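Listed in order, the protein sequences are those of chains B and Z. Every number in the numbering used here is 7 more than the matching position in the first sequence, counting from 1. Every number in the numbering used here is 5 more than the matching position in the second sequence, counting from 1. Below is one structure; the comments refer to it alone.
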Amino acid sequence: MLTPPRVLPAGDRALVVEYGATIDAHVNARVRGLAATLDATALPGIIETVPTYRSLMVHYDPLRLAVSDLERILLAADAGLVDKAVPERRTVEMPVVYGGEFGPDLADVAAHHGLSEDDVVAIHAASDYLIFMMGFMPGFPYLGGLSPRIATPRLSTPRTVVPAGSVGIAGQQTGIYPTDSPGGWRLIGRTPVRLFDTERTPPVLFEAGDYLRFIPVSARESAGIARRVASGAFAPVIRVERTQPS
Amino acid sequence: MTWIDVLDGGMLTTVQDLGRVGAQKYGVPESGAMDGLALRAANRLVGNPDNAACLEMTLTGPELRFGGPVVIAMTGADLGALVNGRPVARWQAVSAAADTVLTFAGVRDGMRAYLAVNGGIDVPLVLGSRSTFTRSALGGFEGRMIRAGDRMPVGVAPGPPWGSGRLLPRRAVPVYGHVHSLRVVMGPQDDAFTDEGIRTFLAETYTLSTQSDRIGCRFSGPRIAHRAGADIVSDGTTLGSVQVTGDGLPIVLMADRGTTGGYTKIATVTSVDASRLAQAMPGDRITFVRIGLDEAHALLGRAHAWLEEIRQPGAGGEDPAAIYDEDSGAALAAEGYLGLASALEGRQAPSSGPTTDLIAFDGTQAHDDEHDER
């Protein structure tokens, strides 16, 4: 039996449904399960839901939906999550050119751990990374599952511009910059895929709960993908598996 | 269809509506007007839906020329608006002929003014909103603040405009000033602070810092003590979240905030008072006052009742002096004043209704009684 979540006010127009304080794939699945249930219900008065590592923020209109009713709905929806079928597992493949001008910190990351650059690439590209949540900037995925063998501290002085598509490491985290931005992550590669595009519906290629797999490609292959991205002909490879209930 | 030509963009003028809904789960900030109540009021004055796109004009307004005849209204801060060089009433619908030039003499009260035009600013919808998020060059007019040379399209008006004159009675017009008490609902992470830390937050006065923008309002003042550190596992943010970082100082997250954050949030400013904070200037003094969630919801209800006070002139019992600004009455009487004649049309004698200069949404007894009469 799972403990019920805490429901906390975040001002007069949002509630937080909080499942403890840890980063954990099962906790995160429950957060996303609740979000999916609420989104499917499309209850008038619920404006939008924002899933994060271990809590769901529910934005609501208190002039249309009383907070006491909303709280009851949230707890009932949570209770209904138990024994629900586990959804499919989606893994989105992200082609990445590692090293060189695309990953200027790859050598430093390798040196930091006494590994070769090829070792770092092999380790980074060997895991499926769970997207726990999106935030920080439009289209930015918070990924779990980086091997401690290549975890590396941030740069002491952040770069003023990190190009869109850059794949980086910051401590125990790895991620992709969806747009040009300042940033202090160690850059090990770059994807030619456009992660965030307001012309698309949805504007992102993956969502919280999906997995990311980095696929090493050559600069030449990357240039080919970039051309297809530019002409709108590119769609990422997405593997879908039915998962076993845990 | 008409347009607005930008002769000068001012300090920071952007297209905003009530914000971008539904994309926060993709990391896209809500954006939208910093003072959502003033934007709603501006839209209602010109007969737009509440969510129509307006210009948010910061501190030093822009210089604009209207391409064709329009009905406009300005709400929020008093930036000293001039129409063809003459002072013009705020919180009132005003007709402007083609080639009318709108300029601003300088700020007199508040920080952000809103210009609504009948039909709305007709920039493309991006993820369901016309709001500008400059950081990602998203939405609004080409994703950026407006500047000289821009020509902004104005939408076709949804119905027959009521013309000029529709107004918010003077006694209901907010006066912002430089001392603000912001009502907050505690949490979601108030348990991360010591009792002393909570006392500091609620008892001390904070000064709004110049390091404030559409993302957040920063403050200087006494440090707020955490129990065991300022970091949490990142979770969602909302308009008004009071984040306290490792240095112990509060930051109130505003319209362009990141959708998620990794710092403890001691409280959340009520949405009504977040609008008020949007009108505070750097150097203003702020106190945080704790209220219950029920009280916060009642406050929001009263703010929406306040919007209902917008009416045709003569429909209520307002003081006739209310239609123009006390500082510029003489100028308003001069020829060329837009909308005065129509504003006076059909006006009734002032009733014995309350005429106290209440600051809007204070929730004072007098204000409550007034609404109870309806």
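Ideal placement from N, C-alpha and C gives every residue a C-beta, glycine not left out. Predicted, not measured: the structure shown is a model, and the values here were computed from it.
Cutoff 7 angstroms: residue i Cβ touching any chain B Cβ
i: Z:PRO129; result: no
i: Z:GLN21; result: no
i: Z:GLN370; result: Bear in mind that the predicted position of Z:GLN370 carries a pLDDT of just 30, short of 50, making it unreliable; the figure below should be weighed with that in mind. It does not: the Cβ of Z:GLN370 has no partner Cβ on chain B nearer than 7 angstroms.
i: Z:GLY241; result: yes
i: Z:HIS185; result: no
i: Z:VAL26; result: yes
i: Z:SER141; result: yes
i: Z:PRO193; result: yes
i: Z:LEU132; result: yes
i: Z:VAL180; result: no
i: Z:ASP330; result: In this prediction, Z:ASP330 scores a pLDDT of 39, lower than 50, which makes its location untrustworthy; the coordinate-derived value is nonetheless stated afterwards. It does not; no Cβ of chain B falls within 7 angstroms.
i: Z:THR7; result: no
i: Z:THR292; result: no
i: Z:THR269; result: no
is_contact[residue i, chain Z] using C-beta, thresh 7 angstroms
i: B:ILE176; result: no
i: B:ARG20; result: yes
i: B:VAL247; result: no
i: B:PHE147; result: yes
i: B:SER163; result: no
i: B:THR198; result: no
i: B:LEU15; result: yes
i: B:VAL168; result: no
i: B:THR10; result: no
i: B:THR159; result: no
i: B:THR186; result: yes
i: B:THR205; result: yes
i: B:ALA242; result: no
Per-residue contacts from residue i into chain B (C-beta, under 7 angstroms)
i: Z:THR265; result: THR59, MET140, GLY142, PHE143
i: Z:GLN29; result: GLU55, VAL57
Close-in-space but distant-in-sequence residues of the same chain around residue i (CB under 8 angstroms, 5 per side omitted)
i: Z:GLY221; result: GLN248, ILE256, VAL257, LEU258, MET259, ARG262
i: Z:ASN56; result: ASP22, LEU23, ASN48
Contacts that residue i makes with chain Z (C-beta to C-beta distance below 8 angstroms)
i: B:ILE30; result: VAL238
i: B:THR44; result: Under the 8 angstroms cutoff, chain Z gives no residues; its nearest Cβ is about 14 angstroms from B:THR44.
Spatial neighbours of residue i in its chain, beta-carbon cut-off 6 angstroms, leaving aside the 5 residues before and after
i: B:SER253; result: Caution applies to B:SER253, whose pLDDT of 47 falls short of 50 and renders its modelled position unreliable; the model cannot decide the point.
i: Z:GLY148; result: ALA142
i: B:PRO254; result: Lying outside 8 to 253, the shown extent of chain B, residue 254 of chain B is not represented and no answer is given.
i: B:LEU72; result: GLY52
i: Z:ALA86; result: MET79, VAL93, PHE109
i: Z:LEU44; result: ALA38, CYS59, TYR119
i: Z:MET286; result: MET116
i: Z:THR242; result: LEU258, ARG262, GLY266
Chain-ordered chain Z contacts of residue i [CB-CB under 9 angstroms]
i: B:VAL255; result: Outside the shown range of chain B, which is 8 to 253, sits residue 255 of chain B, and nothing can be said about it.
Beta-carbon contacts of residue i that lie in its chain and below 7 angstroms, excluding the five residues immediately before and after
i: Z:GLY267; result: ASP236, ILE237, SER239
i: B:MET140; result: PRO58, THR59, TYR60, TYR149, ALA215
i: Z:MET6; result: PRO158, VAL159, VAL161
i: Z:GLY115; result: GLY81, ALA82, ASP83, TYR181, GLN284
i: Z:GLY341; result: Only weak support is given to the placement of Z:GLY341: the predicted model assigns it a pLDDT of 28, under 50, and the question is left unresolved by the model.
i: Z:GLY145; result: THR19, VAL20, VAL128, ARG135, SER136, THR137
i: B:GLU124; result: GLY106, LEU113, ALA114, ALA117
Residue i Cβ short of 6 angstroms to the ligand FMN heavy atom set
i: B:ARG207; result: The ligand content of the structure shown is nil, which means the ligand FMN is not present either.
Any C-beta of chain C under 7 angstroms from that of residue i
i: B:MET64; result: The chain labelled as chain C is not found among the protein chains of the depicted structure, namely B and Z.
Within chain Z, the residues that residue i reaches when beta carbons sit closer than 7 angstroms
i: B:PRO69; result: HIS302, LEU305
i: B:VAL211; result: TYR31
i: B:VAL23; result: PRO193, ASP240, GLY241
i: B:THR181; result: None at all; the shortest Cβ gap to chain Z is about 16 angstroms.
Proximal chain B residues relative to residue i, where beta-carbon distance stays under 8 angstroms
i: Z:GLY245; result: GLY18
i: Z:VAL274; result: GLY18
i: Z:HIS309; result: LEU70
Per-residue contacts from residue i into chain B (C-beta, under 9 angstroms)
i: Z:VAL190; result: PRO16, ALA17, GLY18, ASP19
Item to complete: Only counting runs of 3 or more residues, tell me where the beta strand (DSSP E) segments fall wholly within the stretch 199-229 of chain B, in order along the chain.
Response: 218-223
Discussion item. Restricting to runs no shorter than 3 residues, where is the beta strand (DSSP E) found entirely within the stretch 120-156 of chain B?
Written reply: 135-141, 148-151
Worksheet item: Can you give, in chain order, each stretch of the beta strand (DSSP E) that sits fully within the stretch 166-246 of chain Z and has at least 3 residues?
Response: Counting whole runs of 3 or more residues, the stretch 166-246 of chain Z contains the beta strand (DSSP E) stretches 184-191, 211-213, 221-225, 236-241.
Practice prompt. State whether the stretch 211-219 of chain B contacts the stretch 125-136 of chain B, with contact taken as three or more CB pairs (one from each stretch) at a distance under 8 angstroms.
Written response: Yes, the stretch 211-219 of chain B is in contact with the stretch 125-136 of chain B.
Worksheet item: Is it a yes or a no for the stretch 199-215 of chain Z touching the stretch 301-318 of chain Z, going by three-plus beta-carbon pairs under 8 angstroms?
Response: no
Practice prompt. Report yes or no: do the stretch 221-238 of chain B and the stretch 55-73 of chain B share at least 3 C-beta pairs separated by less than 8 angstroms?
Written response: no
Fill in: At least three beta-carbon pairs within less than 8 angstroms, the stretch 232-247 of chain B to the stretch 145-164 of chain B
no
Discussion item. Does the structure place the stretch 189-203 of chain B close enough to the stretch 41-52 of chain B that three or more beta carbon pairs sit under 8 angstroms?
Written reply: No: the two stretches stay apart, fewer than three of their Cβ pairs being nearer than 8 angstroms.
Discussion item. Taking contact to mean 3 or more Cβ pairs, one atom from each stretch, closer than 8 angstroms, check whether the stretch 70-85 of chain Z and the stretch 8-17 of chain Z are in contact.
Written reply: yes
Item to complete: Taking only runs that begin and end inside the stretch 44-128 of chain B, name each unbroken alpha helix (DSSP H) of 4 or more residues, in chain order.
Response: 74-86, 113-120
Practice prompt. Mind the definition here: the stretch 95-114 of chain Z touches the stretch 127-135 of chain Z only if three or more C-beta pairs lie below 8 angstroms; say whether that holds.
Written response: no
Worksheet item: Using 8 angstroms as the Cβ pair cut-off and three pairs as the minimum, do the stretch 175-195 of chain Z and the stretch 268-275 of chain Z touch?
Response: yes
Discussion item. Across the stretch 27-34 of chain Z and the stretch 171-184 of chain Z, are there enough close Cβ pairs to call them in contact, namely three or more that are closer than 8 angstroms?
Written reply: In the pairwise beta carbon analysis, the stretch 27-34 of chain Z is classified as not touching the stretch 171-184 of chain Z: fewer than three pairs are separated by under 8 angstroms.
Practice prompt. Determine, using beta-carbon pairs with one atom in the stretch 65-83 of chain B and one in the stretch 25-34 of chain B, whether at least three such pairs fall under 8 angstroms.
Written response: no
Practice prompt. Report the residue ranges of all beta strand (DSSP E) runs contained in full by the stretch 73-108 of chain Z; include only those spanning at least 3 residues, in chain order.
Written response: 75-83, 86-88, 98-101
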